[in-house]
Ligand SMILES: Nc1ncnc2c1ncn2[C@@H]1O[C@H](COP(=O)(O)OP(=O)(O)O)[C@@H](O)[C@H]1O
Ligand SMILES: [Mg+2]
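In my numbering, the protein residues as written are 4 to 361.
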């Protein structure tokens with residue numbers, strides 16, 4: 004049983020299906036078979052539940068946290084997943100929005116796993132074009148044959164063939180994939196406009212592809228999951244609003260402290276105490292950034308610190324020099340933002356002293 008303590012000092016990767024599984028095989032089977040209909044947590048066979056350890060039962064406010072393939076699912080996450088699964092099944096796209104590092108991409112993949120179909124990933128960026136999404140001419144291949152065998156005769160034959168690619172959206176829409184469009188607001192509105200008719204009319208117009216048909220019909224299994232960070236598009240791409248009107252937007256927030264600790268223990272196979280140390284160090288870095296009115300480091304950096312400490316056997320202790328160094332390396336640019344004007348090595352010395360006190 005993978006009790007909370009049982010995970011302490013654990014260095015080996017856990018076999019995903021052997022420990023800590025408090026579900027009966029019947030439950031497991033039913034949750035797998037009922038995917039998409041069940042109101043219960045849809046947990047595959049390798050789900051572990053932390054719910055039943057005697058230690059944790061003692062804590063009255065203990066929330067239910069399960070892990071699936073090293074992904075920790077809190078009550079809040081499960082609720083979002085279940086609601087989103089319903090909306091997608093009914094044909095409505097969902098959109099996870101929240102600050103960097105709160106877990107939007109992780110949540111999107113967890114959600115996509117619930118549908119037994121291929122997943123297409125798109126990452127929003129300014130240079131994403133209609134050709135990337137729909138496909139188009141990507142160049143030519145040419146074959147040259149030069150016959151110069153007889154000196155005075157020079158014969159040349161050119162054969163030029165157009166090369167075409169199929170765009171990723173076209174592929175996904177045609178074959179009924181689950182599309183994850185991560186950070187979609189980073190793309191230009193002109194590119195994202197293609198999604199308007201996909202989401203509203205269920206067709207994909209094939210502008211500029213020189214194909215015979217002018218549009219294709221969206222496959223009934225096609226599902227779309229979007230993510231965005233509101234800080235990045237506030238007021239920038241106003242015309243995304245039309246798109247936002249066609250999807251169900253669910254705000255995602257930082258996992259709570261308990262979940263953060265679970266995520267670190269699970270991801271990096273470290274003890275709860277070690278995870279707490281990292282979270283406290285992150286909180287300290289966050290408050291320092293807030294005081295200085297600079298960018299605030301995200302939870303992702305805590306995951307990085309935990310993974311690196313675990314992999315390189317750095318003792319997770321704020322008094323340990325190696326840990327301090329690792330922490331400041333991971334916090335790199337946040338650290339630099341916070342020491343404006345000060346000598347870097349002096350500032351680091353001072354901040355290491357502060358870190359020791361957390
Ligand atoms: N529920 C979770 N279980 C395990 N790891 C998680 C969970 N949520 C977030 N993480 C980890 O936290 C970091 C940030 O998550 P990510 O999904 O990339 O956030 P976002 O997309 O909001 O920026 C990643 O390293 C991710 O693997
Ligand atoms: Mg992300």
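Glycine included, every Cβ here is placed at the ideal spot set by N, Cα and C.
Boundaries of the beta strand (DSSP E) around residue 184: 181-185.
In the DSSP assignment, residue 98 falls within the unbroken beta strand (DSSP E) covering 97-100.
About 5 Å separates the beta carbon of residue 73 from that of residue 269, a gap short enough to meet the 8 Å contact definition. Relative to the non-hydrogen atoms of ligand 2, the Cβ of residue 185 comes within a distance shorter than 7 Å of at least one. Apart from the 5 residues on each side of it in sequence, residue 115 sits with its Cβ closer than 7 Å to the Cβ of 122, 181, 183 and 228 in its chain, given in chain order. The three-state reading of DSSP puts residue 232 in coil, since its state is none of H, G, I, E or B. Taking a cut-off of 8 Å on C-beta distances, the stretch 120-135 touches the stretch 182-199, as three or more cross pairs fall below it. In terms of CA proximity to residue 119, 88 leads the group 88, 305, 301 and 101.
When the Cα atoms are used, residue 304 and residue 329 turn out to be separated by approximately 11 Å. Look at residue 258: its beta carbon is less than 7 Å from one of the heavy atoms in ligand 1.
DSSP places residue 88 inside the alpha helix (DSSP H), whose first and last residues are 78-92.
Distance from the C-beta of residue 234 to the nearest heavy atom of ligand 1 is not below 7 Å. Boundaries of the beta strand (DSSP E) harbouring residue 122: 122-126, taken from the DSSP string.
Rounded to the nearest whole angstrom, the CA to CA distance from residue 359 to residue 289 is 16 Å. The secondary-structure analysis by DSSP pairs residue 169 across a beta bridge with 138. Boundaries of the beta strand (DSSP E) around residue 208: 206-208. Counting C-beta atoms within 10 angstroms of its own C-beta, residue 113 has 16 or more neighbours from the protein chains shown and is therefore classed as buried. If you look at residue 254, you'll find it isn't in any alpha helix (DSSP H); it sits in the beta strand (DSSP E) that goes 251-254.
In this structure the stretch 269-288 does not lie against the stretch 244-256, because fewer than three pairs of beta carbons, one per stretch, are closer than 8 Å. Residue 275 has its alpha-carbon roughly 11 Å from the corresponding atom of residue 309. Taking non-hydrogen atoms of ligand 1 into account, the C-beta of residue 252 is found less than 7 Å away from none of them.
Sequence-distant partners of residue 325 (beyond 5 residues in either direction) whose C-beta falls short of 8 Å from its own C-beta, in its chain, are 317 and 318. Counting only residues of its own chain and dropping the five nearest sequence neighbours on each side, residue 195 has a CB closer than 7 Å to the CB of 187, 243 and 246. In the three-state DSSP reduction, residue 160 falls in the strand class (E or B).
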